[in-house]
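In our numbering, the protein residues as written are 13 to 254.
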């Protein structure tokens, strides 16, 4: 089977090309103990003012000198991103632009982990299997937020992700798409290509949302499992756990 990635959704292009997002992703890739803190602040702060109050409280906590320097670096990287919202693109509000920036943080972070192990990647792309695109429940081709495989021709491992900052962003059609994609990949001999929702949300709220939408058995990468993104094997372990 031959896979191909075709960039199709340009809504996040300007956000995901911001260097500030990549600088934060690089930091979190190196300093993975800050992943849950990053998830918490991005999920909880939907205005620049809220973020500024969070930053003041966060930096007041007493830690070692080394930790203090890292925390300062961490909050400075976040501040650079949040403050971009003060100058939104023409026709867009500060709140709307910040919403996209927060989503971009997750997409760029996931991409940062995947780029280490996959030479073939796509973002906001259609995934084609032998020229046939993966489709949503309405029968129309649907994009994948982040995709990566070891090779396009008969891949031996790969990962496809729907990136959702919070559980409130997850709709039934997202879970239908993941479920249908899993079935389609299995039917075409691509069982080693994983597909899941990855989120900054905590696992309890994600499971509640999945259950409410009728997908109680579908696995996900939640806030506490973000460190599993470091390897295919760890992601697979999370997604196949009984």
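C-beta atoms are modelled at their ideal positions from N, C-alpha and C, and glycine is treated no differently.
Cut-off 8 Å between Cβ atoms - residues of its own chain near residue i, not counting five sequence neighbours on either side
i: residue 141; result: 13, 14, 15, 196, 197, 200 and 202
i: residue 3; result: Outside the shown range of the chain (13 to 254) lies residue 3, about which nothing can therefore be said.
i: residue 82; result: 43 and 46
i: residue 194; result: 207
i: residue 124; result: 34, 37, 38, 40 and 41
i: residue 260; result: Because residue 260 is not part of the residues shown, which for the chain are 13 to 254, the question remains open.
i: residue 95; result: 60
i: residue 75; result: 83
i: residue 216; result: none
i: residue 240; result: 233, 246, 247, 249 and 250
Reference residue i, options the options, closest by Cα
i: residue 167; options: 47, 205 and 99; result: 205
i: residue 178; options: 214, 189, 86 and 63; result: 214
i: residue 251; options: 210, 217, 216 and 225; result: 210
i: residue 292; options: 54, 130 and 189; result: The displayed coordinates of the chain run from 13 to 254. Any statement about residue 292 would go beyond what the structure contains.
i: residue 231; options: 219, 225 and 224; result: 219
i: residue 253; options: 55, 235, 217 and 229; result: 229
i: residue 184; options: 221, 173, 53 and 69; result: 221
i: residue 226; options: 245, 182 and 234; result: 182
i: residue 262; options: 247, 155, 27 and 139; result: Within the shown structure, residues of the chain are numbered from 13 to 254, placing residue 262 beyond reach of any answer.
i: residue 60; options: 105, 234, 25 and 241; result: 105
i: residue 18; options: 162, 62 and 153; result: 153
i: residue 55; options: 246, 128 and 235; result: 235
i: residue 57; options: 78, 107 and 71; result: 107
i: residue 162; options: 130, 29, 144 and 223; result: 130
i: residue 122; options: 217, 62, 173 and 186; result: 173
i: residue 224; options: 187, 246, 75 and 233; result: 187
i: residue 24; options: 63, 175 and 128; result: 175
Three-state class that DSSP yields for residue i in the structure shown
i: residue 150; result: coil
i: residue 43; result: coil
i: residue 125; result: helix
i: residue 214; result: coil
i: residue 157; result: strand
i: residue 176; result: strand
i: residue 19; result: strand
i: residue 91; result: helix
i: residue 204; result: coil
i: residue 27; result: helix
i: residue 136; result: strand
i: residue 74; result: coil
i: residue 13; result: coil
i: residue 233; result: strand
i: residue 165; result: strand
i: residue 171; result: strand
i: residue 188; result: helix
i: residue 104; result: coil
Other residues of its chain near residue i: CB distance less than 7 Å, five sequence neighbours each side excluded
i: residue 297; result: Look at the range of the chain in this structure, 13 to 254, and you will see that residue 297 is not part of it.
i: residue 93; result: 32, 33, 36, 113 and 117
i: residue 165; result: 14
i: residue 109; result: 97, 100 and 101
i: residue 144; result: none
Integer-rounded CB distance, given that residue j should sit under 8 Å from residue i
i: residue 91; j: residue 67; result: 7 Å
i: residue 21; j: residue 136; result: 4 Å
i: residue 156; j: residue 139; result: 5 Å
i: residue 212; j: residue 51; result: 4 Å
i: residue 244; j: residue 169; result: 5 Å
Contact set for residue i: own chain, Cβ-Cβ below 6 Å, skip 5 residues either direction
i: residue 238; result: 47
Residue i: CB within 8 Å of a non-hydrogen atom of the ligand COA
i: residue 35; result: You won't find the ligand COA in this model; it holds no ligand whatsoever.
Quick test of the definition: if touching needs 3 or more C-beta pairs under 8 Å, does the region 111-124 touch the region 20-39? yes
Is the region 37-48 touching the region 78-87 in the sense that three or more CB pairs, one from each, lie closer than 8 Å? yes
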